[in-house]
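Engineer: Read top to bottom, the protein sequences are chains A and B. Residues are numbered in the numbering used here as their position in the first sequence, beginning at 1, plus a constant of 1. Residues are numbered in the numbering used here as their position in the second sequence, beginning at 1, plus a constant of 1.
There are 2 protein chains.
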Amino acid sequence: MELDERKMTILQAVVRNYLETGEPVGSRTISKYTDLNLSSATIRNEMADLEEMGYIVQPHTSAGRVPTDKGYRLYVNCMLSEKEKEVDEIKDVLLKKEEKLDDLLKQAAKVLAVNTNYATMISSPRYRENKLKFIQLSRVSDNQLLAVIVTEGNVIKNHLIETEDALDDETLLKLNLLMNTNLTGLSVEEINLPMVAVLKKQAGVHSDIVGNVLDAVCEAIHSDEDLEIYTSGANNILKYPELADRERAGELIHAFEEKEPLTELALGSLASQSTGIQVYIGDEAPIESLKDCSIVTATYELEDGIKGTIGIVGPKRMDYDKVVGTLKQIKNQLDDLYKKG
Amino acid sequence: MELDERKMTILQAVVRNYLETGEPVGSRTISKYTDLNLSSATIRNEMADLEEMGYIVQPHTSAGRVPTDKGYRLYVNCMLSEKEKEVDEIKDVLLKKEEKLDDLLKQAAKVLAVNTNYATMISSPRYRENKLKFIQLSRVSDNQLLAVIVTEGNVIKNHLIETEDALDDETLLKLNLLMNTNLTGLSVEEINLPMVAVLKKQAGVHSDIVGNVLDAVCEAIHSDEDLEIYTSGANNILKYPELADRERAGELIHAFEEKEPLTELALGSLASQSTGIQVYIGDEAPIESLKDCSIVTATYELEDGIKGTIGIVGPKRMDYDKVVGTLKQIKNQLDDLYKKG
DNA sequence: TATTAGCACTCACTGATATCGAGTGCTAAC
DNA sequence: GTTAGCACTCGATATCAGTGAGTGCTAATA
């Protein structure tokens, strides 16, 4: 059987209607809803076909139709390709400038949640291929050294090192010079074993300190695992009956609280390379516990290569149009605000 | 009317039974449950008295009794004063040692949540009366300075400062010396305006940098507002029908996600000076959105004056005995682990 | 005088039954 | 190919009687 234009129109009408009402939609509704000027009987026949093709189902005999994942997918694909062309009209979703990046991100998540009524998440940007910019070793007290490590993206890491006995100023200066001259501008991959050996040798009795600092450097740059995730509006989950039963809601809330699953999602979305919008419907979701939901993610990019993920989790009958629009807008704003700031 | 010992026994039995079952408890149940050897009729008379005194209520005529907030309060007071004496038996709630303090805290929240099946929170410790230990100003790039501020409790703060033009090494050294000699060992309260004026004067053209650093110092030490809150098991809320309706659960989940309300709670608990256990029942809660819950908090103390709050939020019919016991245990462990580490 | 047995009464809860109506598929007419 | 008409399905809602756990009150009892 073929999916002609009329069937497509009817499918779209079914999906739209279902998104609005959340109730199975019947033939009579569609007959009035569309401008096809067809009787409900005709629509019924078409709907029977659409069901056979797997785009819609009846929850039970004598009920209207509900889109399947496949139906949503088709709808979303069409919608997205239309959105491509269309210029995004300006909506009033606005971010204020914030001092700190993480405050800005928190705010973005919140604004998105309030505007869409879904649960939202945003990951801190991930600095790929990051290079060392600056190392500073200072004596904090007689037996404590502080290593401050700054990387290209201005990510700052602190690391306290316990020492046996106090180092004098001269030694400290020497160590600082040694490390900065040898390591600045390098990424972790470029710091290899021979280099480490040379450094340690030059450090003499203080080779353990160098080792310690290098470990901290490694951790600071290779910060895949400490991708920060900020969430907002997890309670919105409870607004959608199809997600609000104890079992499901519990899992979702848990995922939003623990954040590990969301980290996966963020990393996955980043890995996919696409800068655009990604939509996961039901089973397509990369996270087991979100498989009854739809997820829409976007990748924002603060500067070249400094990317993060922003996403929305909601019921499958999500207002995709609105979500995609709002997401794009926030994404653009994030970009702009940072460049200006 | 007087609350004699028998009434007290009956009240306790009612509360215990209700905690277990969550169902209104009737006179016959109590008659069997206690070893008072009284008929249900006698119990009924006593229960009528207890109701008149405001310790229990009937949800409706022809139902058993349920404790009121006042009833819970009496029960908890008795329980706590008994717990005082009793030596805590060793349970197997164990924390593993962690590298970083925040990992340890996260773990504590999680363990507590898993063990009790309630929602839990823990605040990072708050360093009161904190003194400055060390300031380091370094040049990161031509127009960026990095101020690293270390306080007595080894809390490290970083602050990036943009500069018009590059400072040479000598000036930098001078500024560092200036600030360290003048400020080390002082608390924010001790850094007054005349002192700031003198510093700025000595800094000459770089007075703006000094001002900038001082702001950062102030923020670093006076870190009331950035008390970190870690939560776990917020989804446990959904396990208790009396909290699981959309309205209430939404509010609770929201509180646990936004964390601001919990910060209030933590600060309040710290302010109360008590090192022991605090129990808030229903309306007693300092947070509006938690007024249908009970909250049990404890103050942990890593070192002298370095205190944080750990707390549990659950339904009013909470297993207070177990919660208090577990909380005490975790509290002790937190203390020990840190001292050893 | 305190306790208890007995009894009438209350009321949430359960399950059976009836009714309603939105929606379907099919057939026959247009 | 489209549509009107009709019988049929089945979830949702309302009604109602029956059940049982629980109460308060009264009168008998130790």
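For every residue, glycine included, the Cβ atom is placed at its ideal position computed from N, Cα and C.
Name the two residues that bound the continuous alpha helix (DSSP H) containing H160/A.
Structural biologist: Taken as a continuous stretch (DSSP letters only), H160/A belongs to no alpha helix (DSSP H), being part of the beta strand (DSSP E) at 157-163.
Engineer: List the whole-angstrom C-beta distance separating E52/A from R7/A, where the pair is believed to meet the contact cut-off of C-beta under 8 Å.
Structural biologist: About 15 Å; that fails the 8 Å criterion.
Engineer: Please report the distance separating the alpha-carbon of V206/A from that of L113/B.
Structural biologist: 45 Å
Engineer: Could you give the first and the last residue of the continuous beta strand (DSSP E) run that contains I307/B?
Structural biologist: 307-316
Engineer: Report the rounded CA-to-CA distance for T35/B versus D293/B, giving the unit in angstroms.
Structural biologist: 29 Å
Engineer: Report yes if the CB atom of L1/B is closer than 8 Å to the CB atom of Q145/B, and no otherwise.
Structural biologist: Residue 1/B cannot be examined here, being either before or after the span of chain B that is shown, 2 to 342.
Engineer: If we call anything under 8 Å between Cβ atoms a contact, is L271/A one with T310/A?
Structural biologist: yes
Engineer: Helix, strand or coil for Q137/B per DSSP?
Structural biologist: Reduced to three states, the DSSP call for Q137/B is strand.
Engineer: Go through its chain and collect everything with a Cβ distance to L179/B's Cβ below 7 Å, but skip five positions before and after it.
Structural biologist: L200, Q203, A204
Engineer: Decide yes or no for the touch test of the stretch 10-30 of chain A against the stretch 59-75 of chain A: beta carbon pairs closer than 8 Å, at least 3 of them.
Structural biologist: yes
Engineer: Does the structure place the stretch 306-320 of chain A close enough to the stretch 14-26 of chain A that three or more beta carbon pairs sit under 8 Å?
Structural biologist: Yes, since at least three Cβ pairs between the stretch 14-26 of chain A and the stretch 306-320 of chain A fall closer than 8 Å, the two stretches touch.
Engineer: Can you list, in chain order, the residues of the stretch 127-147 of chain A whose Cβ is nearer than 9 Å to any Cβ on chain B?
Structural biologist: Residues K134, F135, Q137, S139, R140, V141, S142, Q145, L147.
Engineer: Just checking, does the stretch 138-153 of chain A make contact with the stretch 248-255 of chain A on the three C-beta pairs under 8 Å criterion?
Structural biologist: With the cut-off at 8 Å, the stretch 138-153 of chain A and the stretch 248-255 of chain A do not touch.
Engineer: Would N183/B count as contacting chain A if we go by Cβ distances under 8 Å?
Structural biologist: Residue contact check for N183/B against chain A: no CB pair falls below 8 Å.
Engineer: For L147/B, does the three-state DSSP call read helix, strand or coil?
Structural biologist: Reduced to three states, the DSSP call for L147/B is strand.
Engineer: Just the C-alpha distance for G277/B and E265/B, rounded to the nearest angstrom, thanks.
Structural biologist: 18 Å
Engineer: So, is M122/A buried or exposed, given that buried needs 16 or more other C-beta atoms within 10 angstroms?
Structural biologist: buried
Engineer: Among V324/B, E83/B, V141/B, V149/B, which residue has its Cα nearest to the Cα of R140/A?
Structural biologist: V149/B
Engineer: For G23/A, would you say it is in contact with chain B, using Cβ-to-Cβ distances shorter than 8 Å as the test?
Structural biologist: Cβ-Cβ to chain B under 8 Å: no for G23/A.
Engineer: Taking the beta carbon of N116/B as the centre, do at least 16 other beta carbons fall within 10 Å, making it buried, or is it exposed?
Structural biologist: With 16 or more Cβ atoms within 10 Å of its Cβ, N116/B is classed as buried.
Engineer: Within 8 Å (strictly less), CB to CB, does N236/B reach chain A?
Structural biologist: yes
Engineer: By how many angstroms is the C-alpha of G312/A removed from the C-alpha of A110/B?
Structural biologist: Cα-Cα distance, rounded: 27 Å.
Engineer: On the DSSP bridge list, what partners appear for C294/A?
Structural biologist: P316/A
Engineer: Mind pulling the alpha helix (DSSP H) runs of 4 or more residues that sit fully within the stretch 4-92 of chain A?
Structural biologist: 6-22, 28-34, 41-54, 70-86
Engineer: Looking at the structure shown, is E304/B part of a helix, part of a strand, or coil, going by DSSP?
Structural biologist: strand
Engineer: Output yes if chain B places a C-beta closer than 8 Å to the C-beta of E258/A; else output no.
Structural biologist: yes
Engineer: Relative to chain B, which residues along the stretch 95-126 of chain A have a C-beta separation below 7 Å, given in chain order?
Structural biologist: none
Engineer: Taking the alpha-carbon of R127/A as reference, which of N236/A, I230/A, L187/A has the nearest alpha-carbon?
Structural biologist: I230/A
Engineer: Taking DSSP's pairing of strands, which residues face I123/B in a bridge?
Structural biologist: Y231/B, I311/B
Engineer: Among I288/B, Y281/B, T182/B, which residue has its Cα nearest to the Cα of I136/B?
Structural biologist: Ranking I288/B, Y281/B, T182/B by Cα distance to I136/B puts T182/B first.
Engineer: List the residues of chain B whose Cβ lies closer than 7 Å to the Cβ of H255/A, in chain order.
Structural biologist: Close to H255/A, with beta-carbon spacing below 7 Å, are these residues of chain B in chain order: N236.
Engineer: Any C-beta of chain B sitting closer than 8 Å to the C-beta of I210/A?
Structural biologist: no
Engineer: Could you check what DSSP says for Y321/B in three-state terms: helix, strand or coil?
Structural biologist: Assigned with DSSP and collapsed to three states, Y321/B falls in helix.
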